[in-house]
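First the structure, in the form of structure tokens, and then the observations on it.
Number of protein chains: 2
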Amino acid sequence: MSIDLQTAVVRRFNRSYTQRIGALEDSFLGMGAPLGTMRLLFEIGFRSGTVTDLRARTGLDAGYVSRQLKRLTEDGLVVLSTDPADRRRRLVELTALGRERWNELETRSAERAQALLEPLTDRQRGRLARALAEADLLVRAALLHFETVDPLSDGARSAVGRYVTELATLFPFAPGEPSERDAAELRAPSGRFVLAVDDGEPVACGGLRDLGDGVAEIKRMWVHPGWRGAGLATRLLRHLETLAAEAGHTRVRLDTNEHLEAAIALYQRAGYRQVDRYNENPDATHFFEKRLAGAPDGAAAPEDPGTYRGVVSSR
Amino acid sequence: MSIDLQTAVVRRFNRSYTQRIGALEDSFLGMGAPLGTMRLLFEIGFRSGTVTDLRARTGLDAGYVSRQLKRLTEDGLVVLSTDPADRRRRLVELTALGRERWNELETRSAERAQALLEPLTDRQRGRLARALAEADLLVRAALLHFETVDPLSDGARSAVGRYVTELATLFPFAPGEPSERDAAELRAPSGRFVLAVDDGEPVACGGLRDLGDGVAEIKRMWVHPGWRGAGLATRLLRHLETLAAEAGHTRVRLDTNEHLEAAIALYQRAGYRQVDRYNENPDATHFFEKRLAGAPDGAAAPEDPGTYRGVVSSR
DNA sequence: ACATATCGTTGACCGTAGTCAAAGAAATTC
DNA sequence: GAATTTCTTTGACTACGGTCAACGATATGT
């Protein structure tokens, strides 16, 4: 399928979906309060906290929010209180009535979705759900981006923690605590650590460290299990290679474990070739290397971006 | 997959898609004119005609449209002229400048869609496009509804015309012109003709006539080729059976041609059993009958709503 | 020919969403 | 302890989308 055709499909879908389903927000209408007010109520019900927090999440103007909250308070849907920790701040919470309304919004939204499914036969319903789940994963993945972060930041720690936990379930693997020394290797200028985050949750990560002689090593590459099959690992690998090339490296190495079959397949698809053991890592059984495009002694294999399902590199 | 799970998938998709893609309409913004004005411009560019027509298509208020058109005229984007056929009416058309702007909107919208695809690998792009195409078909189909119309109305004629044309390509089939006498049989109270329309185009049709003795006959069942595989034929068949039952019939018959294999499979899945020839129709080779649920001498086979691909009944 | 209906325009009006700046109260910095 | 910053509220204001009723011009039915 050509890119033009794909674009046309996305546009056609956009049109039928937004036109026919109407804005999702429509479910907020007809509840006696304007859309904006209900949207805020929904947001508060989703997670209550300070007004500042609420504003940050919604990106709305302070004055606007203040007035909406006033209205909601008058309607008895929320209560405002002073934050004891910082008495400038105010805390927002739903009242029992507010929670009731919130549930009503939830119900409406669910009914809306059911009304869409209802006319279809069982089989078509299943097909639609599968197609939307697939589209959802891919759309989310498409809009994700990799950010270079500090390897000891909360997000990085959380991602690496998950990575380690997952590896430990696949083969005997007992890493030490993440040390400052380990982390320093993955920090600029000689190293990198990239992270993709969705909704506050780490989704993928990977690190790069300098082995000297123009060689970079890829470390701690991981993709969240719920996000696999969307090409994230391929993109991540490519991203890391680009970062390595930008830092002046001409080759990338990595080690991995024989249990990580999907990862090995990924490396092979991406043009890595197996090499001899180049370190003492007891967890590693397989070693790979790739010459970066543009590097002298070129002959880098053409990339074949394929689907990948599974955990990635070891250590 | 349970209906609750399916509903959850739809809701999750709704949220990620509308939140992340933003309203499709956003591409109308930042063009120096408010959204509503641009939306109208887009609609005119899509198909120009009378103001009434435009209003009917958009569902907007007469006063509102009038003002928008005034603005667009002042900006030199459209021209208004009196309809020579009815001098109360006015014709709207884009100027060259208006067409230019319209193309700009198209470009923006396409860029938006491409930006979504761009980060994905080739393979994932293909997957997303396929998933969205599938979802598009099913969503459109789900929101379609069958309407009982006069068998000689424009829509019905158009649908039957397509049906006849299509049959003629599949086997020797030379029907006469649609006669008033034929049509009368498909008219209430003794008969029915149902039609599904999307965007002015006929998408599916089917008729019902009275054979006496509590038997109804299904005629001219057809689904638009571009809409096959979305369960429309199954739904249409079910709908016609319901209409027949409501009219007091206890059995439904139909004839078809051996070349229409998909149709025959559909009837069998839907619980029809083959019977002896019951008419002199030279185009028919196969004959089916089904006892309607609730009818005495019951034992109607359980329905298995399966996917259907192909033209439907003969004649 | 007259009554009636239709089509578009115009004026008056409304609520919603949102912006901006001023200001009071509380916290933090120096 | 004074100056500055942060958090929230309030008043003033704006554009936008939209509704309603009145009106003149044109068509249509009888």
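Just so you know, the protein sequences line up as chains X and V, in that order.
Each residue of the first sequence is one higher than the last, beginning at 1 in UniProt numbering.
Each residue of the second sequence is one higher than the last, beginning at 1 in UniProt numbering.
Here a beta-carbon is modelled for each residue, glycine too, at the ideal position from N, C-alpha and C.
{"Item": "Under 7 angstroms by beta carbon: chain V residues contacting M1/X", "Value": "G126 and A129"}
{"Item": "M258/V versus N279/V: straight-line alpha-carbon distance, rounded", "Value": "Checking the displayed sequence, the identity of residue 258/V turns out to be Glu instead of Met. Rounded to the nearest angstrom, the two C-alpha atoms are 16 angstroms apart."}
{"Item": "Contact with chain V by E134/X, beta-carbon distance below 8 angstroms", "Value": "yes"}
{"Item": "Closer than 8 angstroms to chain V by CB, G200/X", "Value": "no"}
{"Item": "Cross-chain neighbours of T107/X in chain V, by beta carbon under 9 angstroms", "Value": "Chain V residues near T107/X: none, gap ~11 angstroms exceeds 9 angstroms."}
{"Item": "Enclosing alpha helix (DSSP H) for T52/X [first to last residue]", "Value": "V51 to T58"}
{"Item": "Check whether R253/V and E289/V have beta carbons under 8 angstroms apart", "Value": "yes"}
{"Item": "Residue burial classification, R15/V (beta-carbon count within 10 angstroms, cutoff 16)", "Value": "exposed"}
{"Item": "Pair within 8 angstroms by beta-carbon distance, W102/V and L41/V", "Value": "yes"}
{"Item": "Counterpart residues of I3/X in DSSP-defined beta bridges", "Value": "DSSP output for I3/X lists no bridge partner at all."}
{"Item": "Short CB-CB distance (under 8 angstroms) between P151/V and chain X", "Value": "no"}
{"Item": "D199/V burial status per 10 Å Cβ neighbour count (16 or more: buried)", "Value": "exposed"}
{"Item": "Run of the beta strand (DSSP E) containing E201/V, from where it starts to where it stops", "Value": "E201 to G212"}
{"Item": "Pairwise C-alpha distance: K219/V and N281/V", "Value": "12 angstroms"}
{"Item": "C-alpha distance - E25/V paired with F46/V, whole-angstrom precision", "Value": "Confidence at E25/V is low in this model, with a pLDDT of 49, below 50, so the placement of that residue is unreliable and no value is reported for it."}
{"Item": "With 16 other Cβ atoms within 10 Å as the buried cut-off, status of P151/V", "Value": "buried"}
{"Item": "Beta-carbon neighbours of V223/V, restricted to chain X and to distances below 8 angstroms", "Value": "Under the 8 angstroms cutoff, chain X gives no residues; its nearest Cβ is about 13 angstroms from V223/V."}
{"Item": "Exposure label - Q146/V; buried when at least 16 CB within 10 Å", "Value": "Per the sequence shown, residue 146/V should be read as Phe rather than Gln. By the 10 Å Cβ count, F146/V comes out buried."}
{"Item": "Pick from A188/V, M31/V and F287/V that is closest to T107/V, judged by C-alpha positions", "Value": "M31/V"}
{"Item": "Extent of the continuous alpha helix (DSSP H) run through residue 320/V", "Value": "Coverage of chain V is limited to positions 1 through 315, which leaves residue 320/V absent and any answer about it impossible."}
{"Item": "Where Y17/V falls, given that 16 or more other Cβ within 10 Å makes a residue buried", "Value": "buried"}
{"Item": "As assigned by DSSP and simplified to three states, the class of R291/X", "Value": "strand"}
{"Item": "R251/V burial status per 10 Å Cβ neighbour count (16 or more: buried)", "Value": "buried"}
{"Item": "Chain X contact for V197/V (CB, 8 angstroms cutoff)", "Value": "no"}
{"Item": "Residue-level contact to chain V via CB, Y17/X, 8 angstroms cutoff", "Value": "yes"}
{"Item": "Whole-angstrom C-beta distance between H286/X and T256/X, which should lie under 8 angstroms", "Value": "5 angstroms"}
{"Item": "Short CB-CB distance (under 8 angstroms) between L167/X and chain V", "Value": "no"}
{"Item": "Of the residues V9/X, M221/X and E246/X, the one placed nearest A110/V, counting alpha carbons only", "Value": "V9/X"}
{"Item": "Helix, strand or coil at S153/X [DSSP, three-state]", "Value": "coil"}
{"Item": "Inter-stretch contact (C-beta, 8 angstroms, three-pair minimum) for the segment 225-241 of chain X and the segment 114-130 of chain V", "Value": "yes"}
{"Item": "Residue closest to P34/V, alpha-carbon to alpha-carbon, out of E100/V, T169/V, R11/V and R71/V", "Value": "R71/V"}
{"Item": "Cβ of F13/X within 8 angstroms of any chain V Cβ", "Value": "yes"}
{"Item": "According to DSSP, residues forming a beta bridge with E166/V", "Value": "In the DSSP output, where bridge partners are listed per residue, E166/V has none listed."}
{"Item": "Sequence-distant residues of its chain with Cβ nearer than 7 angstroms to H249/V (five each side left out)", "Value": "G214, V215, A216 and L292"}
{"Item": "Check whether L77/V and V92/V have beta carbons under 8 angstroms apart", "Value": "no"}
{"Item": "Sub-8 angstroms separation of V194/X and G212/X beta-carbons", "Value": "no"}
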